[in-house]
Structure formats: structure tokens, C-alpha cells
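These protein sequence lines are chains A and B, in that order.
Anchor point for the first sequence: position 74 equals 74 in the numbering used here, and the numbering is continuous, going up by one each time.
Anchor point for the second sequence: position 51 equals 1051 in the numbering used here, and the numbering is continuous, going up by one each time.
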Amino acid sequence: MKKPWKSLFRSSAKRPMTCGEVGEWLQHYLDGALDDRRSERLAAHLEDCRRCGLEADTYERIKHSLAGRQPSVPADSLARLREFGARIARGDEPVER
Amino acid sequence: MRRHTQRVPSRVSSPEASQALFERHVLPEIEVLLRVARSLTRNNADAEDLVQDTLLRAYRAIERFDGRHPRAWLLTILRNTHINRNRRQRPELLRDPDGTSRQLNELAAVDVTDAGVDAGFDAEIERALAELDEPFRSAVQLVDVEGLTYAEAAEVLGVPAGTVMSRLHRARGRIRDRLDRAGLAPRSH
């Protein structure tokens, strides 16, 4: 005889998340920090729920906007440091041990 | 056990071996080190000096490095070097020994390099960032702007990765609330 709690567990493992669960896990999902099982359930919810889909889009836009704020690194500084590192790697830079 | 086979013996004796390890693990990370150093120092010359010191310390310590997560290892050295330099050069910072959060905050207030398609959206994010408390803004700066992982940002800030994650999520939530209030991304309920 099938144990009721087992079937409950299986169904909750596969069913789409609720809006409340998406609220809890959405940022983990967008950061790629959610396990596969939860990711599938969350993605399944986003396909059907307009409200949560819009919320996910907003967070994606926030992340995109923030990523676009990365300042450029001065090329001359980077070149000097790479040369300095290369001298250490070649043994040309005296380093006190 | 792949990890173990990749581990570097704890005592590497020859300079040639150290140089090879340095080339493999350290040289590819110089740009990331410079980015984070600029975030910490807010000054190009200081950032360059900080990375130079970090490279020297990394070379001296490379024999003890286990070969895993070189970026996180280097960011720890960078942070400690930064704290030591601050203590030497700016003793008034002893009460706030690394000053990391404050300096990251200053950086967050400037340097918008991407005008973006939606200037209003970006400008509102700029204002939201300015309103964030220091620890939250630092998490955003390191992870969402500089592209570090939770674990790497944790090394820079000297807090657990879970703390970085929770600060980051709360910070984004506040930014999201501000966009809602500004009518730029209203919630549909």
C-alpha cells in the first residue's frame, strides 16, 4: 500500500512553486545558486504566472544595470602590473623570502 | 580524487617551482585584483601599489597555497595587505581597520559608465544605491558590479558567504522597492 506522505513528497518535489516560494527563491535562481530541482519548479511557475514573470524581469534588469556600472581598468596600470607579475614568474624580480 | 591530485605539495623547495605556481595561479588574476583594489582604495596609484604588494606577498606564500580557489586566496591576501597598509599610512583608521565598506560606498556613488537604454531606470538605481547602508552597498558593488562570486566577495569583506548573499538580496530588494515607488517597475498587485 502506498504511503500517503511519500506521494505527498513526490508531488511537492515536482509541482511548480507557489508565488510565495518564488518570492523566497527568485534571487537565488537568478544568481544561478539554486539546485536543479528547485530551479525546475521555479521555472515552471514563471512560465504560467505573469506577476512573478514580471518580477523576475525586473530583477534581471536591476542586475544588468548594476553590471553596466563596472568601471574600466586603466590599461597602463594593468600592463605595468602584468609585467611586474611576469618578472616575478621569470625570477627577474628580487623577492625577499 | 581529482582535488587531491591537483593539490600542491605543502613544501615546494625550488624557486623554479614557486615561479611556475605563481605563473599558473596568480598571473591570470591580476586584472580582478586591480579591479577590487580600485574599489578599495578609490585611487589608481594606491590600487597599483596595493596589487604590487599583494603579488609579492602571494609569491612569498605560494609554497603554502593548496592550489584550490586561487582567486579567493588572492583576495584574502589583497584584503589583509590593504588593512596593513591602512594601519601604517592612516593610523586614524585603526578604529575602522579596513574601511572597506566606506570606500566601496564612495565608489558606488560614481563611475556610471553605461548610459543604458533606460536612463531613468539606471538613474533610479543610482539613487537607490546611494541610500543603501554600507554593508549592503558593498555587497552589491563587489558581486553585481565587479562580478565576484559570493565566496570571493566574502573574502574581501571578511564575512561569511551567506552574509554576503543575504545582504545582496536585501539590497536588491530595496532597489526594487525604490523602482516600484518611482513607478519605473511597478508591482502588478
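We put the beta carbon where it would ideally sit given N, CA and C, even for glycine.
Everything numeric in this text was worked out from a predicted model, so none of it was measured.
Limits of the unbroken alpha helix (DSSP H) element including residue i
i	result
A/HIS45	36-48
B/LEU1179	1161-1181
B/ASN1043	Unbroken run through B/ASN1043: none, as it is neither H nor E.
B/GLU1124	1119-1131
B/ILE1062	Run containing B/ILE1062: none; DSSP gives neither H nor E here.
A/GLU21	19-30
B/HIS1082	1070-1089
B/GLN1019	1015-1025
B/ARG1137	1134-1139
B/GLU1029	Where B/GLU1029 is concerned, there is no enclosing alpha helix (DSSP H), given that its DSSP letter is neither H nor E.
B/VAL1156	1150-1157
Distance CB(residue i)-CB(residue j) smaller than 8 Å
i	j	result
B/PRO1015	A/GLY85	no
A/LEU78	B/GLU1031	yes
A/PRO16	A/ASP48	yes
B/ARG1035	B/GLU1152	no
B/ARG1167	B/ALA1139	yes
B/ARG1178	B/ALA1128	yes
A/GLN108	B/ARG1172	Outside the displayed range of chain A (1 to 97) lies residue 108 of chain A, so it cannot be described from this structure.
Cβ of residue i within 8 Å of any chain B Cβ
i	result
A/VAL73	yes
A/LEU34	no
A/THR58	yes
A/VAL22	no
A/PRO42	Correcting the residue type first, residue 42 of chain A is Leu in the shown sequence and not Pro. No, no contact with chain B.
A/LEU46	no
A/ALA79	no
A/SER39	no
Residue-chain proximity (residue i, chain A), Cβ-Cβ < 8 Å
i	result
B/HIS1025	no
B/ASN1044	yes
B/ASN1105	Summary for B/ASN1105: the model assigns pLDDT 48, below 50, so the residue's position carries little reliability, and this model does not support an answer.
B/ASP1053	no
B/VAL1036	no
B/VAL1145	yes
B/HIS963	Residue 963 of chain B falls outside the range modelled here, since chain B spans only 1001 to 1189, and no answer is possible.
B/ASP1122	yes
B/ILE1030	yes
B/PRO1135	no
B/PRO1015	yes
B/ARG1172	yes
B/ALA1161	no
B/PHE1065	no
B/GLN1019	yes
Neighbourhood of residue i by C-beta, 7 Å cutoff - its chain only, sequence neighbours within 5 removed
i	result
B/LEU1033	VAL1051, THR1054, LEU1074 and LEU1078
B/ILE1125	ILE1175
B/GLY1120	LEU1184
A/GLY23	none
B/VAL1159	none
Contacts around residue i, its chain only, beta-carbon distance under 6 Å, and the 5 residues preceding and following it disregarded
i	result
B/ARG1038	ALA1047
B/VAL1026	ALA1058
A/LEU30	TYR59
Contact set for residue i: own chain, Cβ-Cβ below 8 Å, skip 5 residues either direction
i	result
B/THR1041	ALA1047, LEU1050, HIS1082 and GLN1103
A/GLU93	PHE84 and ARG87
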